[in-house]
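Student: In the numbering used here, the protein residues as written are 20 to 106. Glycine is no exception: its CB is placed at the ideal position from the N, C-alpha and C atoms. Computed from a predicted structure; not experimentally measured.
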């Protein structure tokens, strides 16, 4: 069974280093979003306002990782070790 993990990073190079480590662990797929911010049209109004204030403070880079269920915890630990925020 395949599970997706979504994480954001404040630093592009850290996100890319995390992806390298995840690849070496045998993840199924990795997708990058170098913009990272969720689209305002997908979110409720109050959340959009709080995200706007957050995104103005720090850039964000998103990573979506597909892993086998048995490797989920390992991938989650790796992302957190490199400072990623899981969503």
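1) Considering only residues of the same chain and omitting the five flanking positions on each side of residue 88, which have a CB-CB separation below 7 Å?
2) Is residue 46 helix, strand or coil when you go by DSSP?
3) Using the Cα positions of residue 86 and residue 33, report the straight-line distance between them to the nearest angstrom.
4) Over the uninterrupted beta strand (DSSP E) stretch that includes residue 27, give me the two end residues.
5) Got a sec, what are the start and stop residues for the beta strand (DSSP E) residue 80 sits in?
Tutor: In terms of the structure at hand:
1) Same-chain partners within the cutoff: 20 and 22.
2) It is coil, neither helix nor strand.
3) Here the C-alpha atom of residue 86 lies approximately 20 Å from the C-alpha atom of residue 33.
4) Its beta strand (DSSP E) spans residues 21-28.
5) For residue 80, the enclosing beta strand (DSSP E) begins and ends at 80-87.
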